[in-house]
Structure formats: structure tokens, C-alpha cells
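Working notes for the structure below.
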Amino acid sequence: MNLRSARAIFDYCEVEGVEARELEAFPLSFSIGLKLTCWSPALFVYPDRIAIPFFDMRRTYALTPDAARFMMSVMHIALRESNPDYENVELEILRLTNTDARTVHSIQKIPGSLYSYEQLEEMVWETQSLWVDIQTERQDRRRRSGDKWGEGDLFA
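Position in the sequence shown counted from 1, then plus 1386, gives you my numbering.
Shown next as C-alpha cells:
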């Protein structure tokens, strides 16, 4: 996180009256062995509500509606469903703008319903499968080209 982003989040918390508290939570585990944590380890205590934020800090290509739905779904299952203490806590995406000021916009509602655990697991499995295919193709291409990358002494 760079200084402008940190300043924007600090300013947002000052203006909104947010006090942050530590959030202890376990990642969401999938049967393929992958564990996901996509939230900040903080509870944002607003004057009128409590929320768990996900920071979308990218300057370009902000979360698409489907990606926001995915993130909110992961947070919902990992936090609300797994811990009754958090069932009434709000989930939010804090989007930092692509300006020099890096202002923060809160997204608390997303269109459509949340994904189920089974739907999330299928999406994660598909993504992991694609990544394995990409890595395998890269290794095959390297072998065919005669590139010796990854072979030999570590400190040659």
C-alpha cells in the first residue's frame, strides 16, 4: 500500500468516524486445498454500523460486478456463516479512485444474490485448472526452445 492510499483510507476513517478493531477469522477452505482470505483483518466500527472491508486498491480495472459478487460471497461464507458473532456485520468493498487524491468509495450492496459455497468452489477449481494449464504450456514452450531456465547451480 502506498502513502497516498494509506492517507486516503485514514482520511475516510476520520470523515466517517470509523474506529478499526482487529478481526480474527479463518480463511475459507476449498476441497482442492486452496484457502482464501480476501478481507482486511479489521472490523470497521462506524457510528451506526460495523463492517468488514475488502480494499479494492487497483488504479485501473476495478472489480467487475461479478468479481464484487465473488468477494462478497467469500466474505459472507467465511465470516458470517462460519461465525454467528458476525452474522449481522455488514460487508463492504472500499474502492480507491484512480486519482492523485485516491479517495475512497464504499460499496455495500451488490446486484444479484451471493454465490453458494458450491458455486465458489467450482469457480476456484476452474481458475486453478486454467492456471495449471498456463504453467504447463509455459514449461513445455521453454523445454522446446532449449531454454535451460530452472536447471543448474543456484549460484552459478
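Every residue, glycine too, gets a C-beta built ideally from N, C-alpha and C.
Under 8 Å Cβ to Cβ from His1462, same chain only, skipping five residues before and after it: list those, please.
Leu1477, Leu1500
Tell me the DSSP secondary structure of Pro1470 in three-state form.
helix
Under the three-state DSSP convention, the category Glu1523 falls into:
helix
Can you tell me whether Trp1425 is buried or exposed, with buried defined as 16 or more other CB within 10 angstroms of its CB?
buried
Could you check which residue in Asp1526, Ile1520, Val1510, Gln1525 has the C-alpha nearest to that of Ser1417?
Val1510
Can you tell me which of Ser1459, Tyr1432, Arg1530 puts its alpha carbon nearest to the alpha carbon of Pro1497?
Ser1459
With distances taken between CB atoms, is the gap from Ala1428 to Arg1407 smaller than 9 Å?
yes
Own chain residues within Cβ distance below 6 Å of Ala1437, not counting five before or after:
Phe1430, Glu1476, Glu1478
What does the Cβ neighbour count give for Ala1487, buried or exposed, with the cut at 16 atoms within 10 Å?
exposed
What are the partner residues of Val1490, as DSSP defines its beta bridges?
Leu1482
Can you tell me the Cα-Cα spacing of Arg1481 and Gln1494, whole angstroms?
11 Å
Beta-carbon separation (whole angstroms), Pro1413 vs Lys1421, contact threshold 8 Å:
4 Å
Express the C-alpha separation of Leu1506 and Phe1440 in angstroms, rounding to a whole number.
17 Å
Using a Cβ-Cβ cut-off of 7 Å (strictly less than) and excluding sequence neighbours within five positions of Tyr1503, which residues of its own chain qualify?
Ile1463
Check each candidate in Arg1444, Glu1467, Arg1435 and name the one with the smallest Cα separation from Glu1405.
Arg1435
Residues in the same chain with beta-carbon distance under 6 Å from Ala1453, minus the five sequence neighbours each way, listed in chain order, please.
none
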